[in-house]
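K.L.:
There's a structure below that I have some questions on.
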Amino acid sequence: MYDNKLTPVGKLRLPGINIRTRMLILIFISAIYLFGILIWGFYMEESLYEVSYTHKFIPPGLEHPFGTDFMGRDMFYRSIKGLSTSLVIGVLASAVSSILALLLGIAAATIGGKFDQFVNWCVDCCMGLPHLVLLVLISFMLDRGVKGVAIAVALTHWPELTRIVRAEVLQIRSSQYVQLSYKAGKSKFWVAKEHMVPHVLPTYLIGLVLLFPHAIMHEAALTFLGFGLPAESPAIGAILSEAMVHIATGKWWLALFPGLLLLIAVILFDVIGENLKKLLNPNSGNE
Numbered sequence: 001m002y003d004n005k006l007t008p009v010g011k012l013r014l015p016g017i018n019i020r021t022r023m024l025i026l027i028f029i030s031a032i033y034l035f036g037i038l039i040w041g042f043y044m045e046e047s048l049y050e051v052s053y054t055h056k057f058i059p060p061g062l063e064h065p066f067g068t069d070f071m072g073r074d075m076f077y078r079s080i081k082g083l084s085t086s087l088v089i090g091v092l093a094s095a096v097s098s099i100l101a102l103l104l105g106i107a108a109a110t111i112g113g114k115f116d117q118f119v120n121w122c123v124d125c126c127m128g129l130p131h132l133v134l135l136v137l138i139s140f141m142l143d144r145g146v147k148g149v150a151i152a153v154a155l156t157h158w159p160e161l162t163r164i165v166r167a168e169v170l171q172i173r174s175s176q177y178v179q180l181s182y183k184a185g186k187s188k189f190w191v192a193k194e195h196m197v198p199h200v201l202p203t204y205l206i207g208l209v210l211l212f213p214h215a216i217m218h219e220a221a222l223t224f225l226g227f228g229l230p231a232e233s234p235a236i237g238a239i240l241s242e243a244m245v246h247i248a249t250g251k252w253w254l255a256l257f258p259g260l261l262l263l264i265a266v267i268l269f270d271v272i273g274e275n276l277k278k279l280l281n282p283n284s285g286n287e
């Protein structure tokens, strides 16, 4: 049954919150969870996951929710610390990469000419190479570790966002208010700051959030392959790499719980990004 043959009557009578409010609630819950993990791991004491050979390979239980590893370390606290480390590296690297993409995208579209061709050439070169291979090469050249992983992730995640920002700027470069600014004697820097940046800011914020899960996964992949953080550091990639040695002997908890924590973090970042994209979409104002 419909009113005016357009809107379902039942839909109008349903009490509760609208779609935009539900999006905000999802974003808030996801952000609180991720921020809580980040802060908890950052201030966690090493004594909570220290070596204790008398507690080796204890299955998950009340005392050790995620069990213990081959050195008797509590896997719950070690996984929280490892995920926090991955979040820190991923967030910092994504922020640097996104700022680089914003600057290059706006500059390429605003300046044009040879500089635009050079930026497009750099984007094509980076996107033409296998991503993981490029990450491994950069991290290996920088002697691995936190510094090598962070720089490798930051230098390989900007091309796609650069293309998106450049396309957005090209759409408004020929608009009347931009052309009037040029005729009024405004410089390209002023036009970029006053007109281009506000226009691409929503796209930039969405791209920044959606870069986080990629950065976290690639940091974990580098460490898992041995080209990232050292094995003794509490990082998700290192934990999963160690777990592969013992998983065939029935120690399933060594890989299951750290892997689930990483998966949940990636999914929550994706939830934030997708809902943020819908909130910033002008058409969502009708929902």
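So in UniProt numbering, spot 81 of the sequence shown is number 81, and the numbers just go up one at a time.
By construction, the Cβ of each residue, glycine as well, lies at the ideal position given by its N, Cα and C atoms.
What do you get for Ile-267, buried or exposed, if any count of 16 or more other CB atoms within 10 angstroms of its CB means buried?
P.N.:
exposed
K.L.:
Roughly how many whole angstroms lie between the Cα atoms of Gln-117 and Ser-30?
P.N.:
Rounded to whole angstroms, Gln-117 and Ser-30 show a C-alpha spacing of 40 Å.
K.L.:
Tell me whether Gly-228 is buried or exposed, calling it buried when 16 or more other Cβ atoms sit within 10 Å of its Cβ.
P.N.:
buried
K.L.:
Using three-state DSSP, classify Asp-74 as helix, strand or coil.
P.N.:
strand
K.L.:
How far does the alpha helix (DSSP H) with Val-51 in it reach, from first residue to last?
P.N.:
It is not in any alpha helix (DSSP H) - Val-51 carries neither H nor E in the DSSP assignment.
K.L.:
Just verifying my parser: in three-state terms, what is the DSSP assignment at Thr-249?
P.N.:
Thr-249 falls in the helix class under three-state DSSP.
K.L.:
Taking only the alpha-carbon atoms, compute the straight-line gap between Leu-256 and Ala-107 and give it to the nearest angstrom.
P.N.:
45 Å
K.L.:
In whole angstroms, what separates the C-alpha of Val-133 from that of Thr-156?
P.N.:
11 Å
K.L.:
Compute the Euclidean distance between the alpha carbons of Thr-203 and Val-51, then round it to the nearest angstrom.
P.N.:
46 Å
K.L.:
For Leu-201, which residues of its own chain have a beta-carbon under 8 Å away from its beta-carbon, when the five flanking residues on both sides are left out?
P.N.:
none
K.L.:
Does DSSP put Thr-68 in a helix, a strand or coil?
P.N.:
Shown here, Thr-68 sits in a strand according to DSSP, grouped into three states.
K.L.:
Here's a check: name, in chain order, each residue in its chain whose Cβ is nearer than 6 Å to the Cβ of Arg-13, leaving out the five neighbours to either side.
P.N.:
Since pLDDT at Arg-13 reaches only 43, below the 50 mark, its modelled position is unreliable, and no value is offered.
K.L.:
Between Ala-93 and Val-245, what straight-line distance do the alpha-carbon atoms span, to the nearest angstrom?
P.N.:
30 Å
K.L.:
Quick check on this structure: which residue in Met-44, Gly-226, Ile-206 and Met-23 has the alpha carbon closest to the alpha carbon of Ile-164?
P.N.:
Ile-206
K.L.:
Work out the CA separation of Ser-241 and Trp-253 for me, nearest whole Å.
P.N.:
Cα to Cα, the separation comes out at about 13 Å.
K.L.:
Taking buried to mean at least 16 other C-beta atoms within 10 Å of its own C-beta, is Phe-42 buried or exposed?
P.N.:
exposed
K.L.:
If you draw a straight line from the C-alpha of Leu-276 to the C-alpha of Leu-260, how long is it?
P.N.:
24 Å
K.L.:
Under 8 Å between the Cβ atoms of Pro-65 and Phe-76?
P.N.:
yes
K.L.:
Determine the direct distance from the alpha carbon of Ala-167 to that of residue 320, and round the result to whole angstroms.
P.N.:
For the chain, the structure presents residues 1 to 287; residue 320 sits outside this window and is missing.
K.L.:
Tell me the DSSP secondary structure of Gly-148 in three-state form.
P.N.:
helix
K.L.:
Name the two residues that bound the continuous alpha helix (DSSP H) containing Ala-167.
P.N.:
First-last of the alpha helix (DSSP H) with Ala-167: 159-173.
K.L.:
With 16 as the cutoff for other CB atoms within 10 Å, does Ile-272 come out buried or exposed?
P.N.:
buried
K.L.:
According to DSSP, is Ile-58 part of a helix, a strand, or is it coil?
P.N.:
DSSP places Ile-58 in coil when its eight states are reduced to three.
K.L.:
Taking the Cβ atom as the reference point for each residue, do Gly-82 and Pro-234 lie within a distance shorter than 8 Å?
P.N.:
For the pair Gly-82 and Pro-234, the CB atoms are nearer than the 8 Å cut-off.
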